[in-house]
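The structure appears right after this line, and notes come after that.
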Amino acid sequence: MTKSKKITLSASRDIPFNKLVLSQSNVRKVKAGVSIEELAEDIARRTLLSSITVRPVLDEDGAETGMFEIPAGGRRYRALELLVKQRRLNKTAPVPCIVRTDGLAEEDSLAENIQRAPLHPLDQFRAFQSMREKGKSEEEIAAAFFVSVGVVKQRLKLAAVSATLLDAYAEEEMTLDQLMAFTVNPDHERQEQVWDALKQHYSKQPYDIRRMLTEGAVRASDRRAQFVGLDNYVEAGGEVLRDLFQTDDGGWLQDAALLETMVAEKLNEAAEAIRTEGWHWIEVATDFPYGHTYDLRRIRGEAEPMSDKEDATYAALKAEYDKLEEEHAEADELPEEVDERLGEIETAMEALQNRPIRFEAEDFAIAGAFVSIDSSGGLRVERGYVRPEDEPALETGHSPDGETLDPDTDDAIADASDPVTDQDEEEDDDGTKPLSDRLICELTVHRTMALRDALANDPQLAMLACLHAMVLQLFYHYGQDSCVEITPRSTQFGSQAPNLGEASYVQSIDLGIETWAGNLPKQSEDLWDALTEWDSDSRDALFAHCVAMTVNAVQEPHHRKPRQIAHADVLASTLGLDMVKAGWTPTANSYLGRVTKAQILAAVREAKGDKDADRIAGFKKPDMVEAAEELLAGTGWLPQPLRTAPLAEEPDEPEFEIVDDGDVTPDEPAVEDSEEAIALQAAE
Numbered sequence: 029m030t031k032s033k034k035i036t037l038s039a040s041r042d043i044p045f046n047k048l049v050l051s052q053s054n055v056r057k058v059k060a061g062v063s064i065e066e067l068a069e070d071i072a073r074r075t076l077l078s079s080i081t082v083r084p085v086l087d088e089d090g091a092e093t094g095m096f097e098i099p100a101g102g103r104r105y106r107a108l109e110l111l112v113k114q115r116r117l118n119k120t121a122p123v124p125c126i127v128r129t130d131g132l133a134e135e136d137s138l139a140e141n142i143q144r145a146p147l148h149p150l151d152q153f154r155a156f157q158s159m160r161e162k163g164k165s166e167e168e169i170a171a172a173f174f175v176s177v178g179v180v181k182q183r184l185k186l187a188a189v190s191a192t193l194l195d196a197y198a199e200e201e202m203t204l205d206q207l208m209a210f211t212v213n214p215d216h217e218r219q220e221q222v223w224d225a226l227k228q229h230y231s232k233q234p235y236d237i238r239r240m241l242t243e244g245a246v247r248a249s250d251r252r253a254q255f256v257g258l259d260n261y262v263e264a265g266g267e268v269l270r271d272l273f274q275t276d277d278g279g280w281l282q283d284a285a286l287l288e289t290m291v292a293e294k295l296n297e298a299a300e301a302i303r304t305e306g307w308h309w310i311e312v313a314t315d316f317p318y319g320h321t322y323d324l325r326r327i328r329g330e331a332e333p334m335s336d337k338e339d340a341t342y343a344a345l346k347a348e349y350d351k352l353e354e355e356h357a358e359a360d361e362l363p364e365e366v367d368e369r370l371g372e373i374e375t376a377m378e379a380l381q382n383r384p385i386r387f388e389a390e391d392f393a394i395a396g397a398f399v400s401i402d403s404s405g406g407l408r409v410e411r412g413y414v415r416p417e418d419e420p421a422l423e424t425g426h427s428p429d430g431e432t433l434d435p436d437t438d439d440a441i442a443d444a445s446d447p448v449t450d451q452d453e454e455e456d457d458d459g460t461k462p463l464s465d466r467l468i469c470e471l472t473v474h475r476t477m478a479l480r481d482a483l484a485n486d487p488q489l490a491m492l493a494c495l496h497a498m499v500l501q502l503f504y505h506y507g508q509d510s511c512v513e514i515t516p517r518s519t520q521f522g523s524q525a526p527n528l529g530e531a532s533y534v535q536s537i538d539l540g541i542e543t544w545a546g547n548l549p550k551q552s553e554d555l556w557d558a559l560t561e562w563d564s565d566s567r568d569a570l571f572a573h574c575v576a577m578t579v580n581a582v583q584e585p586h587h588r589k590p591r592q593i594a595h596a597d598v599l600a601s602t603l604g605l606d607m608v609k610a611g612w613t614p615t616a617n618s619y620l621g622r623v624t625k626a627q628i629l630a631a632v633r634e635a636k637g638d639k640d641a642d643r644i645a646g647f648k649k650p651d652m653v654e655a656a657e658e659l660l661a662g663t664g665w666l667p668q669p670l671r672t673a674p675l676a677e678e679p680d681e682p683e684f685e686i687v688d689d690g691d692v693t694p695d696e697p698a699v700e701d702s703e704e705a706i707a708l709q710a711a712e
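Quick note on the working numbering: the sequence shown kicks off at 29 and runs consecutively.
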């Protein structure tokens with residue numbers, strides 16, 4: 029029996045750094061991994077952790093020269109070289125090396141790089157966790173391994189997942205993305221429940237995991253959470269789940285009941301403060317449906333004027349702002365301190381311009397206020413609304429068409445069909461009897477027709493009269509002060525579309541209404557004079573706004589109006605309306621939760637393709653809705669009723685050939701107005 033030959037390991041020895049040179053046989057040509065600078069800092073902190081493989085440099089006769097080349101370990105050599113240049117390491121410092129003489133230098137380099145087994149991510153997570161448990165801070169761990177503190181937090185979060193799930197990840201039963209998703213909820217029992225449930229699912233996407241782990245939670249971006257404040261919620265004992273691996277809009281609030289209680293308390297406190305102002309009634313709710321003030325008269329108070337001191341402060345701020353802008357007008361980029369100061373000035377000026385509104389004592393006696401939360405999570409107070417039952421009794425009545433009638437007189441305009449008697453035409457002996465109602469009616473009919481004719485020849489004044497009539501109807505409660513019988517209708521859609529007020533385009537039109545209403549005179553009888561003093565651009569803008577308020581392109585099952593809808597399509601095409609740019613997106617509330625599974629899949633198939641549609645085809649409806657919402661986000665997909673067809677191109681002008689047989693062509697008049705033609709016609 030022959031004995032097997034024992035392996036002899038390569039010799040190890042310390043070689044002075046200045047006796048080492050890089051070899052051209054190193055197979056690593058592409059830079060990758062930790063930088064030379066970071067590696068040098070690591071060596072300075074921990075010294076060299078692994079020896080460098082070297083080979084003796086031989087002369088022409090094959091004898092050693094005393095120099096050694098490095099086929100494997102070039103990055104470590106360069107890091108040591110950097111430390112020598114920085115005078116942090118002696119150039120003759122001994123370097124631990126493995127001296128090889130057999131085989132090829134390229135083989136040494138290739139083997140060292142290929143046979144090196146990379147560290148499993150889980151081992152890194154657990155190593156960070158072990159260092160943290162032994163007293164190292166997150167900042168110290170980050171500094172030691174040249175990573176950010178955020179990366180350390182992520183690794184520690186991953187290491188804190190249930191051991192069962194970590195084992196599944198180690199056995200490659202779970203992807204890293206799935207493991208990341210489980211970090212949103214620290215409850216190990218809940219994590220394991222979700223993982224067990226997912227084993228029965230066709231899809232195990234990360235968003236499915238996050239959704240299941242945050243069921244019943246409220247997003248921190250929710251208006252209620254913004255209203256209460258995350259710090260206040262946490263201080264009250266509430267828990268916030270965070271996702272360190274994806275943008276989570278601030279996380280999820282776990283205790284929805286606590287949040288609702290805090291919202292109610294804060295809203296009631298705000299309502300009590302508003303009630304002390306003296307309003308007749310206060311209504312409080314987290315949110316009111318869009319159009320809740322329809323049919324209520326709005327009393328608009330007057331802004332408190334600035335005091336002399338506030339005027340002086342505003343003027344000083346404006347002067348400083350203008351000076352800074354002038355000084356840096358030519359600069360490509362403002363200095364940071366200047367930009368910060370300009371922002372401070374703008375904020376201070378806006379605070380001064382945002383004046384408190386003053387109401388009269390009689391307004392408080394009949395009007396009330398709505399207290400709620402706006403879409404950004406701020407307090408929303410709508411003051412000065414009068415309910416019909418609280419309207420004061422009027423000294424004069426109003427006819428159904430809005431005309432004021434005096435109850436103390438029985439006179440009324442006679443109907444045009446009433447017969448005229450001689451008695452009606454007789455005058456008193458003293459000539460003091462007023463004109464008869466019938467005669468006044470006839471005369472004013474003539475005046476009305478003449479007025480129409482005059483207005484028809486003055487387009488600018490006609491537009492002003494039309495604008496005056498529309499503004500009276502749309503902005504004033506009693507808008508019957510115009511002889512122009514144009515009645516615009518502005519339909520309210522709050523009941524047809526829940527959460528309508530949150531859309532950006534709705535907020536834009538509402539802001540326009542508030543702005544115009546604030547610029548109009550309080551009394552309707554002052555409106556004509558105000559409009560005549562406005563410049564044409566302002567009148568045009570108000571006219572466009574009034575016309576816009578009358579648009580109704582709603583398709584209702586009980587009121588079909590195909591021609592009206594067809595015109596809405598033409599108008600949208602002419603305007604180039606794009607509902608995606610306007611801000612509409614397919615969400616569970618706006619579309620996906622309101623249609624069938626087949627329609628959801630059709631939308632995903634059209635926007636993303638068959639692969640994504642097939643992937644969610646087996647989902648239950650709630651899961652499919654959530655998955656589709658994520659898939660459709662940012663795709664620009666729209667349901668058919670929201671799509672705008674491109675504007676039809678005008679047909680080309682017909683081409684005609686000019687012929688010699690007298691046929692009329694587009695370039696020739698049908699009848700020539702020459703003297704010869706006129707004479708011929710006269711003779712005939």
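Cβ coordinates follow ideal geometry from the N, Cα and C atoms, glycine included.
For Ala630, the enclosing alpha helix (DSSP H) stretches over residues 625 to 636. For the set Asp481, Ala531, Asp486, the Cα lying nearest the Cα of Ala610 is the one of Ala531. In the DSSP assignment, Ser601 falls within the alpha helix (DSSP H) that extends over 590 to 603. Phe45 carries a helical assignment under DSSP once its states are collapsed to helix, strand and coil.
Counting only runs of 4 or more residues that sit fully inside the segment 171 to 257, the alpha helix (DSSP H) segments are 177 to 187, 191 to 198, 204 to 210, 216 to 226, 234 to 241, 251 to 256, in chain order.
Non-local C-beta neighbours of Arg104 in its own chain, meaning closer than 8 Å and more than five positions away in sequence, comprise Leu67, Ile71, Leu76, Ser78, Ile80, ordered along the chain.
With contact defined as three or more Cβ pairs closer than 8 Å, the segment 553 to 568 and the segment 592 to 603 are not in contact.
Contact annotation: the segment 304 to 319 touches the segment 400 to 411, with at least three C-beta pairs closer than 8 Å. Counting the other CB atoms within 10 Å of its CB gives Asp259 a total below 16, which places it among the exposed residues. Annotated three-state conformation of Tyr413 is strand, per DSSP. Comparing alpha-carbon positions, the option among Met290, Asp391, Asp277, Val512 lying closest to Gly266 turns out to be Met290. In this chain, the alpha helix (DSSP H) harbouring Ile71 covers 64 to 74. For Pro124, the enclosing beta strand (DSSP E) stretches over residues 122 to 127.
Classified as exposed, Ile537 has fewer than 16 neighbouring CB atoms from the shown chains inside 10 Å of its CB. Straight-line measurement puts the Cα of Cys125 at about 10 Å from the Cα of Ser38.
Bounds of the beta strand (DSSP E) holding Val312 are 309 to 312. Here Gly396 is bridged, per DSSP, to Trp309, Tyr413. Excluding its 5 nearest sequence neighbours in each direction, Thr242 has C-beta neighbours in its own chain below 8 Å: Val212, Asn213, Leu269, Trp280, listed in chain order.
The residues Ile310, Ala397, Val399, Val409, in chain order, have a CB closer than 7 Å to that of Ile302 in the same chain once the five nearest residues on each side in sequence are set aside. The beta carbon of Gln157 lies closer than 7 Å to those of Leu184, Ala187 in the same chain, with the five residues before and after it left out. Beta-bridge annotation (DSSP): Ala39 is paired with Val127. In this chain, the beta strand (DSSP E) harbouring Pro99 covers 92 to 100.
Apart from the 5 residues on each side of it in sequence, Thr615 sits with its Cβ closer than 7 Å to the Cβ of Glu657 in its chain, given in chain order. Residue range 80 to 86 is occupied by the beta strand (DSSP E) that includes Leu86.
Less than 8 Å separates the beta-carbon of Met577 from that of Pro516. One Cα belongs to Arg588, the other to Arg325, and the distance between them is close to 31 Å.
In this structure Tyr413 is buried. Its beta-carbon is surrounded by 16 or more other beta-carbon atoms within 10 angstroms. Here Ile237 is not near Phe255, since their CB atoms are 8 Å or more apart. Per DSSP, Pro384 lies in no alpha helix (DSSP H) and is assigned neither H nor E.
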